[in-house]
Amino acid sequence: MSTHTSESRVVRGACPQDCPDTCAFLYHVEDDKLVEVTGDPDHPMTRGGLCVKLKNFAEHHYNPDRLLHPMKRVGPKGSGHFQRISWDEALTEIKARWTGIIDQHGSQAIMPHGYLGHQGTLNGLTTGDAFFNRLGSTVAEKTYCESGSSTAWLMTVGPTGGLDVESLAFAKYIIVWGMNMTNTNLHAWPFVLEARKNGAKIVVIDPVRTRTAKQADWHIRIKPGTDGALALGMINVIIEEDLYDHDYVEQYTLGFDELKSRAAEFPAERVAAITGIPADDIRTLSREYAKCQPSAIRQGVAVERSPGGGDAIRAITILPALVGAWRHVGGGAVEMPIWEFPFNFAHMCRPDWIKPGTRVVNELDLGQALTGEMKLDPPIQSLFVYNSNPVSQAPAASKIVDGLMREDLFTVVSELFITDTARYADLLLPATMQAEQYDLMVTWGHLYFMLNQPAIEPPGECIANVDLFRRLAKTMGFDDEYWDLSDDEMLLRSYDWSSPKLEGITLDVLKERGYMRLNVGLPHERAPHAKGEFPTPSGKCEFKASAAAKGNFVAEVWRSGYEQMQSGAPVDAVPNYIASFESEHADPALAGRYPLNMVSPKPHAFLNTQYANEPVQQRRQGDQTILIHPVDAARRKIESGTSVRVSNDRGSFEGRAEVSEDVMEGLVMTNVGHWPSRNRTGTAVNSTTPDRHCNLGQAGTFSDNLVDVERV
Amino acid sequence: MPHVVTDNCQRCRFTDCVTHCPVQCFHADDERVYIDPEVCIDCSACVPICPVHAIYDSLDLPDAYAHELVINAQRSHLLPVISAHLPPLSTAESRRAELGL
Numbered sequence: 005m006s007t008h009t010s011e012s013r014v015v016r017g018a019c020p021q022d023c024p025d026t027c028a029f030l031y032h033v034e035d036d037k038l039v040e041v042t043g044d045p046d047h048p049m050t051r052g053g054l055c056v057k058l059k060n061f062a063e064h065h066y067n068p069d070r071l072l073h074p075m076k077r078v079g080p081k082g083s084g085h086f087q088r089i090s091w092d093e094a095l096t097e098i099k100a101r102w103t104g105i106i107d108q109h110g111s112q113a114i115m116p117h118g119y120l121g122h123q124g125t126l127n128g129l130t131t132g133d134a135f136f137n138r139l140g141s142t143v144a145e146k147t148y149c150e151s152g153s154s155t156a157w158l159m160t161v162g163p164t165g166g167l168d169v170e171s172l173a174f175a176k177y178i179i180v181w182g183m184n185m186t187n188t189n190l191h192a193w194p195f196v197l198e199a200r201k202n203g204a205k206i207v208v209i210d211p212v213r214t215r216t217a218k219q220a221d222w223h224i225r226i227k228p229g230t231d232g233a234l235a236l237g238m239i240n241v242i243i244e245e246d247l248y249d250h251d252y253v254e255q256y257t258l259g260f261d262e263l264k265s266r267a268a269e270f271p272a273e274r275v276a277a278i279t280g281i282p283a284d285d286i287r288t289l290s291r292e293y294a295k296c297q298p299s300a301i302r303q304g305v306a307v308e309r310s311p312g313g314g315d316a317i318r319a320i321t322i323l324p325a326l327v328g329a330w331r332h333v334g335g336g337a338v339e340m341p342i343w344e345f346p347f348n349f350a351h352m353c354r355p356d357w358i359k360p361g362t363r364v365v366n367e368l369d370l371g372q373a374l375t376g377e378m379k380l381d382p383p384i385q386s387l388f389v390y391n392s393n394p395v396s397q398a399p400a401a402s403k404i405v406d407g408l409m410r411e412d413l414f415t416v417v418s419e420l421f422i423t424d425t426a427r428y429a430d431l432l433l434p435a436t437m438q439a440e441q442y443d444l445m446v447t448w449g450h451l452y453f454m455l456n457q458p459a460i461e462p463p464g465e466c467i468a469n470v471d472l473f474r475r476l477a478k479t480m481g482f483d484d485e486y487w488d489l490s491d492d493e494m495l496l497r498s499y500d501w502s503s504p505k506l507e508g509i510t511l512d513v514l515k516e517r518g519y520m521r522l523n524v525g526l527p528h529e530r531a532p533h534a535k536g537e538f539p540t541p542s543g544k545c546e547f548k549a550s551a552a553a554k555g556n557f558v559a560e561v562w563r564s565g566y567e568q569m570q571s572g573a574p575v576d577a578v579p580n581y582i583a584s585f586e587s588e589h590a591d592p593a594l595a596g597r598y599p600l601n602m603v604s605p606k607p608h609a610f611l612n613t614q615y616a617n618e619p620v621q622q623r624r625q626g627d628q629t630i631l632i633h634p635v636d637a638a639r640r641k642i643e644s645g646t647s648v649r650v651s652n653d654r655g656s657f658e659g660r661a662e663v664s665e666d667v668m669e670g671l672v673m674t675n676v677g678h679w680p681s682r683n684r685t686g687t688a689v690n691s692t693t694p695d696r697h698c699n700l701g702q703a704g705t706f707s708d709n710l711v712d713v714e715r716v
Numbered sequence: 003m004p005h006v007v008t009d010n011c012q013r014c015r016f017t018d019c020v021t022h023c024p025v026q027c028f029h030a031d032d033e034r035v036y037i038d039p040e041v042c043i044d045c046s047a048c049v050p051i052c053p054v055h056a057i058y059d060s061l062d063l064p065d066a067y068a069h070e071l072v073i074n075a076q077r078s079h080l081l082p083v084i085s086a087h088l089p090p091l092s093t094a095e096s097r098r099a100e101l102g103l
């Protein structure tokens, strides 16, 4: 007879998701089982709340559909028929196939495809970079999100953390520009509400009347892709009416005269015609923004998802310097405070292993790259997918599926579940979930280092990504010291721990406390650019960007640390308004056939596709729903609940219509994230989106998407 | 699918929920609070905090409280937002005892 004593533990962790909030977790473990995950109430930014997406995070670890062992395909490509194999068999197969491909085509015939399915230093965005650089594969440019904003930000203000979201509490005027914060930056919202309590006005600029817009003091509806015109129009009003901060502009900015000339091309009436915002509203917004100091802008990723998105972000990023908002605590702009973290990309990505001249293929062009539409020599013969799900998340998804069906393509996918992309794999490798692994999280929405400590053992034969690439390196015969480093040794080399920003912060202290704030000023006193000090070539906020001389580029973090083979496409030194490709003005014939512009923001109950396979989250999110304006709906005899098909020349998908004035006439909205294979047609919104790029940073143009909607 | 305040709040109105809500979705009258379904973001921060277990995720709402979905939506739109903790009603403790909580 045995006796059993229940053992309970609480382990500190952090959210793994691609979200700016990176919440502090407490894992509650009983008898080695994860029973609950709660927020840590002591964390100053995330304050103990989690979000709807993480509701059943503990149970998610025990989802019966989890991939627990390596598998090999036993049916036709895409059939979803797999058979369990051992890790040894999987690694042996990879080595044999890759060696053959390298012998025949060269190592660049292998392409990795990873993104931010996990956000850790060890297991996240850069987890495979060193391995693939060592292998000599094609360098994958990972520009799903924020890359256009990154380039625009770096060109204008340099790699600064900018305004801390916690400092928003001290602002008197807050513009949330292209972001549904209560959906995608929830834990920053209480600081906005705190500011409002102290008298601040909250303005939301968004084409859609989102849950966040509904809470604003003023919701300004803007046509998608026209943000650059609005920002330039605001600059024009502010200069014309002499509302700018002469002293700040004189001392701390570069290129005022050129900016003034450019902005003069955007009088309020012209901007009104472009954006759909009444000219008087543009003037009022400009005056209030300039006069109510400190004024703050929370800029969202949505702005970059149009052809002129990069220049739009540059124009928006100019505004705080023009009005002197940076002088004040709570003034400025929030983009990604990630630039404050002293990364050592030289270790994390090992760009020194990239052979000079190695080519770059952008991940958003995956369909073109796999199908031969993009002329590549050698062609891609093997795709290795980790931390990502391009069949759902990349544009022109049908083209990607065509590519993945190629019999001669050797596809390996490391995953948690058999996703829409994993279905097409030749080999599947099982990955760990967050409670099962160790990592120092990379945070891009606040200023805390967050350590995630494993709370439970991995199930089956799941391994962390960092171990996956160690195993692959050994399999391929790499004998570098790098592959023998422990997790902590990797972390110690991944940051400059001697930086004053990390003074007092060590892994040992993090293991005890879970999180620590960087030494970059506290929220109630931080004003990083009160006296200029922008980390740009001139040391000033560059209205006229020095970096424009080298042409369009992608920041090294998004391309494995590689600096060569940048696009270099011409960039105007002063931001301009670049119109959409798909509009009545730009392409009347296309707009005649497909008169509705579709935007596809993030879902409420899923994190992209993650959790969209959980029944409780499916019930909460509901079916694939297409919001359509009453006028557009009536023309098509569509009512709420009608089954509809959304289509264009690229593809189609189906869903349920919801007739709503939350979208403007001419605009339709659906969420990305529903698994295509779970929709009736096996497709979702990205079957219709274009595989083009915004003018900066090779971001996608997901919002520049003309479609039509019809009853099924 | 928002969260819903139910009848248990009646004559209590402890409002601990308000201090844990990240989006200010609570509205109140002289008797109880209501959740604005257009503002609630389903985070559930309020659920374990309520001393009288008055708040449900609508996915878990007992049938007996189904009518509260409409009551919360209608009343919240007519009443002011409560953004700070209010003193509980004078009947709160007796009501809690009555509920056996």
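Sequence order for the protein chains is A and B. Sequential numbering from 5 applies to the first sequence in my numbering. Sequential numbering from 3 applies to the second sequence in my numbering. Ideal Cβ placement from N, Cα and C applies to all residues, glycine included. Please read these numbers as outputs of a predicted model, since none were measured by experiment.
Inter-segment contact for the stretch 16 to 36 of chain A and the stretch 444 to 463 of chain A is present: three or more beta-carbon pairs are separated by less than 8 Å. In this structure, the CA atom of A/Thr142 is about 18 Å from the CA atom of A/Met352. About 18 Å separates the CB atoms of A/His697 and A/Leu374; that is not less than 8 Å, and the two are not in contact.
Listed in chain order, the positions of the stretch 181 to 197 of chain A with a beta carbon within less than 9 Å of a beta carbon of chain B are Thr186, Asn187, Leu190, His191, Trp193, Pro194, Leu197. Burial check for A/Ala553: the Cβ neighbour count within 10 Å stays below 16, so the residue is exposed.
In this structure, DSSP gives A/Phe349 a helical state, which the three-state scheme calls helix. Around the CB of A/Arg530, 16 or more other CB atoms lie within 10 Å, so the residue is classed as buried.
For A/Cys55, at least one C-beta of chain B is nearer than 8 Å to its own C-beta. Within chain B, no C-beta atom comes nearer than 8 Å to that of A/Val41; the closest sits roughly 12 Å away.
At a beta-carbon threshold of 8 Å, none of the residues of chain B lie near A/Lys606; the nearest stands roughly 13 Å away.
Flagged as an interface residue toward chain A: B/Val25, by a C-beta distance shorter than 8 Å.
For A/Ile630, the closest alpha carbon among the candidates A/Lys59, A/Glu537, A/Met602, A/Ala609 is that of A/Met602.
A distance of 8 Å or more separates the beta carbons of A/Val365 and A/Glu198. Per DSSP, reduced to three states, the secondary structure at A/Cys55 is coil, with no helix or strand assignment. Taking one beta carbon from each stretch, the stretch 334 to 353 of chain A and the stretch 155 to 170 of chain A have 3 or more pairs nearer than 8 Å; the two touch. Any Cβ of chain B closer than 8 Å to the Cβ of A/Gln219 would place that residue at the interface, and such an atom is present. Across the stretch 135 to 156 of chain A, no CB contact with chain B closer than 9 Å is found for any residue. CA-CA distance, A/Glu588 to A/Ile278, rounds to 12 Å. Judged by their CB atoms, A/Val470 and A/Asp491 are nearer to each other than the 8 Å cut-off. Residue B/Ile51 holds the alpha-carbon nearest to the alpha-carbon of A/Pro45 among B/Ile37, B/Val41, B/Ile51, B/Cys27.
Judged by DSSP secondary structure, A/Phe414 falls outside any alpha helix (DSSP H) and instead within the beta strand (DSSP E) spanning 414 to 419. Here the alpha carbon of A/Gly508 sits roughly 9 Å from the alpha carbon of A/Leu522. Under the three-state reduction of DSSP output, A/Tyr293 falls in the helix class.
For A/Glu262, no pairing in a beta bridge is given by DSSP.
Per DSSP, A/Phe453 is not a residue of any alpha helix (DSSP H); the beta strand (DSSP E) it occupies stretches across 452 to 456. Taking C-beta atoms under 8 Å as the contact rule, A/Val663 and A/Ile642 qualify, at a distance of about 7 Å. Between the alpha carbons of A/Val169 and A/Asp25 lies a distance of about 10 Å. Setting aside the 5 residues that flank it on each side, A/Pro74 is surrounded in the same chain by Arg88, Ile89, Ser90, Trp91, Glu93, Ala94, Leu431, Leu432, Leu433, Pro434, Glu465, each with a C-beta closer than 8 Å to its C-beta; the list follows chain order. Those residues of the stretch 201 to 234 of chain A placed with their C-beta closer than 7 Å to a C-beta in chain B are Lys201, Arg215, Lys218, Gln219, ordered along the chain. The Cβ atoms of B/Arg34 and B/Ala94 do not sit closer than 8 Å to each other. Within chain A, no C-beta atom comes less than 7 Å from the C-beta of B/Ala68; the nearest is roughly 16 Å away. In terms of beta-carbon proximity, B/Ser85 lines the interface with chain A, with at least one pair separated by less than 8 Å. With the criterion set as a beta carbon lying under 9 Å from some beta carbon of chain B, the stretch 330 to 347 of chain A has no members that meet it.
Looking from the CA of A/Glu669, the closest CA among A/His678, A/Gly645, A/Asp712, A/Leu444 belongs to A/Asp712. Here DSSP, grouped into helix, strand and coil, assigns B/Val83 to strand.
In this structure, the beta-carbon distance from A/Phe349 to A/Gly565 falls below 8 Å.
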